[in-house]
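S.K.: Have a look at the structure that comes next, please.
There are 2 protein chains.
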Amino acid sequence: MKALSIKDIAKKAEVSITTVSFILNGKAAQMRISKAVIEKVEAIIKEMEFKPNQVARSLRTGNTKTIGLLVEDISNPFFASIARKIEDKAYKKGYKISYSSTENNPAKAKDLIEMFKSRQVDAYIIAPVPGIEDDIKLLLAEGIPVVIFDRNLPDLDVNSVAVDNFNGTYIATEYLINKGKKNIAFVTVDVHVDQMDNRFLGYQKALKDHGQLFNTALYTEIPFNNPDDNTDAQLKLMFELNPEIDAVLFSTNYLAIKGLGVLKQINKQINEDFTIISYDDHDVFRLHTPPISVVDQPIEEIAERIIDIVLHELANSNNPLNRRGLSKVVLQPHFIER
Amino acid sequence: MKALSIKDIAKKAEVSITTVSFILNGKAAQMRISKAVIEKVEAIIKEMEFKPNQVARSLRTGNTKTIGLLVEDISNPFFASIARKIEDKAYKKGYKISYSSTENNPAKAKDLIEMFKSRQVDAYIIAPVPGIEDDIKLLLAEGIPVVIFDRNLPDLDVNSVAVDNFNGTYIATEYLINKGKKNIAFVTVDVHVDQMDNRFLGYQKALKDHGQLFNTALYTEIPFNNPDDNTDAQLKLMFELNPEIDAVLFSTNYLAIKGLGVLKQINKQINEDFTIISYDDHDVFRLHTPPISVVDQPIEEIAERIIDIVLHELANSNNPLNRRGLSKVVLQPHFIER
DNA sequence: GTGAAAGCGCTAACAG
DNA sequence: CTGTTAGCGCTTTCAC
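Going down the list, the protein sequences come from chains R and A. Going by my numbering, the letters in the first sequence line up with residues 1 to 338, in that order. Going by my numbering, the letters in the second sequence line up with residues 339 to 676, in that order.
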């Protein structure tokens with residue numbers, strides 16, 4: 001079964017392909033094509049279930065109606081949830097999403113951007129990894145809409161939607177201090193993206209503001225993509241060497257989940273005297289016994305702001321004058337006490 | 339900055355575009371193009387960072403090197419994990435993934451298939467919703483590779499990767515019975531896809547084989563996409579009306595997670611006398627106090643089998659003779675006792 | 001060994 | 001009001 005083309009429709013309707021094309025693109029009125037012809041052609045299109053070949057259209061018009069989405073890992077609930085919301089909104093506007101996971105690997109990220117480029121995606125939504133600033137600059141130089149999120153690239157003039165990471169850990173740390181905690185550990189990843197660094201800084205600043213000293217022994221950095229065993233061992237070591245720890249702040253949900261696993265293994269109870277807080281919420285924390293307080297990122301709002309910016313830029317990419325300036329959105333995280 | 343085309347390269351290298359094209363496609367040797375020319379052209383390609391326009395290539399060749407992935411909801415960890423694995427393997431073979439969430443809505447699923455079609459995706463990976471059998475048939479009739487997974491469409495001659503759902507609930511139920519449970523409730527969704535029905539049947543059969551009667555009062559069906567409040571209320575009601583319940587088998591992880599939330603609200607302890615089992619694992623269950631036993635689906639293997647079939651069909655789609663017959667893969671779930 | 005040219009399906013000047 | 005036609009960038013047949 002061969003796919004239909006605009007030609008087949010034209011032949012069947014006994015009009016030219018131009019006429020069909022105009023009707024297909026809603027330019028019939030403006031081209032003052034007669035009602036009779038429009039109706040006839042539309043009837044045939046419907047009857048034959050003709051769908052224009054989007055690839056040909058893309059080649060001709062230069063836009064593909066797809067948005068490239070680059071995240072760290074689509075199987076991380078944080079990214080998956082955002083992906084889902086973005087997909088929904090994009091779908092309603094006729095856009096499709098092509099996604100890829102960068103694994104925090106700049107080489108892979110660069111390669112993915114290349115692939116997206118050669119596929120002519122209309123816009124990019126990127127959770128950036130360090131080292132791809134130049135690639136993003138290139139995109140911008142070509143006038144392609146880009147929004148970065150989750151992490152900021154401070155010295156890049158690019159739209160971004162971020163959460164105030166500094167404040168997130170600040171309020172969490174402050175909460176712990178107010179609860180009388182004296183030895184608050186901080187567990188994070190070794191990926192020094194702006195966002196992670198800020199989470200660390202928020203923690204440090206809160207300690208300082210409340211007259212506590214930052215103790216490097218209570219700071220653990222886990223390599224990204226560490227095999228589980230190593231991570232477990234590293235965390236165990238920290239707990240063993242520092243029995244005075246009375247609270248732990250994890251800079252990201254999957255580390256906190258690993259942490260809970262380790263605490264279970266070493267049979268350390270979470271209670272009034274030993275508190276855990278995670279950055280990013282997760283069902284695990286809500287249902288845990290006892291429940292775990294978290295710094296929650298407004299996922300819904302993040303996704304909304306991202307796609308709004310993208311769609312707006314896309315809608316106005318023809319007349320650059322109409323494009324609003326850079327959007328640098330900073331949303332506030334919420335502390336959920338449990 | 340205008341994008342380069344093959345023409346620019348040809349001009350710069352002072353050869354014809356044909357030559358460039360051959361070199362680009364690795365047909366240089368077979369066309370017996372001289373080494374000197376090849377090297378010169380390749381140097382220029384590298385120097386100018388030329389990337390062929392994939393859209394034009396697609397229009398010409400008819401294949402887009404992208405695979406359409408239709409899942410119920412990309413933010414469900416089960417689908418997200420599978421999506422991730424599929425993405426990885428596809429990426430290594432030069433394929434990209436375009437995903438969409440069907441929300442169990444046949445109209446949306448149909449529409450998405452149309453969109454993918456007009457975008458000429460090379461192959462489809464679909465977690466089917468009932469009512470799209472005809473659309474899948476159409477795809478097959480056109481010779482496009484399709485693999486369905488998670489749910490089977492029994493009367494369709496299409497590649498599928500499924501898990502033995504019947505056996506999954508059977509062994510879980512048997513486990514509970516062997517633990518001495520007499521009133522095992524079953525909570526499932528109202529979506530009557532083959533896979534969910536089989537989970538129910540496995541539960542029923544196990545009861546029967548062990549001389550227990552199926553009690554409809556202990557069977558609760560939650561509407562898909564139910565607002566949280568309703569679901570909670572429905573579950574509460576079941577627990578209230580049937581205090582004799584000594585175990586609950588949830589047919590899917592998100593229902594079990596909801597269930598845990600409800601049990602927390604009504605302060606019902608999970609212990610030797612009251613056991614919970616979920617279909618599909620999740621971090622929540624592993625870390626829960628007490629931990630929750632689950633029927634685990636071999637996600638990794640599912641993803642692997644899917645992408646293997648797809649890539650194999652794709653590789654041999656030119657010579658249909660070489661295509662192996664239908665692959666109907668059935669994998670076994672594992673019961674994880676915790 | 002290399003090049004000219006047709007054409008994939010569609011859009012949009014430009015003609016009439 | 002509708003049709004003719006020139007490409008979009010690439011692959012591939014055929015010719016030299």
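The beta carbon of each residue, even a glycine, is placed where N, CA and C say it ideally should be.
#1: With DSSP as the reference, identify every bridge partner of R/Ser160, one or two as the case may be.
#2: Got a sec: is the Cβ-Cβ distance from A/Val496 to anything in chain R below 8 Å?
#3: Can you grab the Cα-Cα spacing for the pair A/Asp584 / A/Val633, in whole Å?
#4: Taking one C-beta from the region 402-415 of chain A and one from the region 75-95 of chain R each time, how about it: are there three or more such pairs within less than 8 Å?
#5: Look at the alpha carbon of R/Val129 and the alpha carbon of R/Asn226, and state the distance between them as a whole number of angstroms.
#6: I'd like the span of the beta strand (DSSP E) that includes R/Phe274, first residue to last.
#7: Among residues of its own chain, excluding the 5 on either side of R/Phe224, which ones have a beta-carbon nearer than 7 Å to its beta-carbon?
#8: Mapping the DSSP letters down to three states, classify A/Tyr433 as helix, strand or coil.
#9: Less than 8 Å separating the beta-carbons of R/Lys65 and R/Tyr99?
#10: With 8 Å set as the bound, which would you pick, yes or no: does the beta-carbon of R/Pro354 sit closer than that to a beta-carbon of chain A?
#11: If you check the beta carbons only, do R/Val121 and R/Gly68 fall under 8 Å apart?
#12: For R/Asn165, collect the residues of the same chain with a Cβ closer than 6 Å to its Cβ; drop the 5 residues on either side in sequence, then sort them by chain order.
#13: Just the chain R side, please: which residues come within less than 7 Å of A/Asp411 by C-beta, in chain order?
#14: Does chain R have any CB closer than 8 Å to the CB of A/Ser631?
#15: Cβ closer than 8 Å: which chain A residues qualify as neighbours of R/Lys264?
#16: Buried or exposed: where does R/Asp9 fall if 16 or more other Cβ atoms within 10 Å of its Cβ makes it buried?
#17: Report yes or no: do three or more beta-carbon pairs, one from the region 160-175 of chain R and one from the region 264-272 of chain R, lie closer than 8 Å?
#18: Can you tell which of A/Ile614, A/Ala500 and A/Ala418 has its C-alpha closest to the C-alpha of A/Lys517?
#19: Mapping the DSSP letters down to three states, classify R/Ile177 as helix, strand or coil.
#20: With a CB to CB cut of under 8 Å and the five nearest residues on each side skipped, what residues in its chain are close to R/Ile306?
#21: Round the Cβ separation of A/Ile560 and A/Val525 to the nearest angstrom and send it over; I've been treating them as touching at under 8 Å.
#22: Tell me the DSSP secondary structure of R/Gly391 in three-state form.
#23: Please report how far the alpha carbon of R/Ala3 lies from the alpha carbon of R/Glu301, in whole angstroms.
#24: Cβ of R/Lys96 less than 8 Å from any chain A Cβ?
#25: Please classify R/Thr173 as buried or exposed, where buried requires at least 16 neighbouring CB atoms within 10 angstroms.
#26: Report the residues of the region 447-467 of chain A with a CB closer than 7 Å to any CB of chain R, ordered along the chain.
#27: For R/Ser317, which of helix, strand or coil comes out of DSSP?
#28: Please check if any C-beta of chain R sits within less than 8 Å of the C-beta of A/Ala641.
#29: What are the partner residues of R/Ala36, as DSSP defines its beta bridges?
#30: Relative to the C-alpha of A/Pro671, which residue among A/Ile382, A/Ser616 and A/His626 is closest?
#31: Is it buried or exposed, R/Pro145, if we count other Cβ atoms within 10 angstroms and call 16 or more buried?
#32: Quickly, what does DSSP pair R/Ser278 with across the bridge? List them, please.
#33: Terminal residues of the continuous alpha helix (DSSP H) containing A/Glu471?
#34: At which residues does the alpha helix (DSSP H) containing R/Phe239 begin and terminate?
#35: Expressed to the nearest angstrom, what Euclidean distance is found between the alpha-carbon atoms of A/Ile515 and R/Asp228?
#36: Roughly how many angstroms separate the alpha carbons of A/Asp621 and R/Gln54, rounded to a whole number?
M.R.: Judging by the given coordinates:
#1: R/Ile148 and R/Lys328
#2: no
#3: 18 Å
#4: yes
#5: 17 Å
#6: Note, R/Phe274: premise wrong, no beta strand (DSSP E); not H, not E.
#7: Asn104, Val189, Asp190 and Val191
#8: coil
#9: no
#10: Since the first residue shown for chain R is 1 and the last is 338, residue 354 of chain R is missing from the structure and cannot be characterised.
#11: yes
#12: Gln195, Asn198 and Arg199
#13: Arg84
#14: no
#15: Leu625
#16: The sequence as given places Ile at residue 9 of chain R; Asp does not occur at that position. Counting Cβ neighbours within 10 Å, R/Ile9 comes out buried, since at least 16 surround it.
#17: no
#18: A/Ile614
#19: helix
#20: Ile82, Ile86, Ile125, Val147, Phe149 and Val161
#21: 7 Å
#22: Residue 391 of chain R lies beyond the stretch modelled for chain R, which goes from 1 to 338, so this question has no answer here.
#23: 41 Å
#24: yes
#25: buried
#26: Glu452, Met453, Lys455, Ser456, Arg457 and Gln458
#27: coil
#28: no
#29: The partner list for R/Ala36 (beta bridge, DSSP) is empty, contrary to what the question assumes.
#30: A/Ser616
#31: buried
#32: R/Phe250 and R/Val294
#33: Glu471 to Ala479
#34: Asp228 to Leu241
#35: 35 Å
#36: 41 Å
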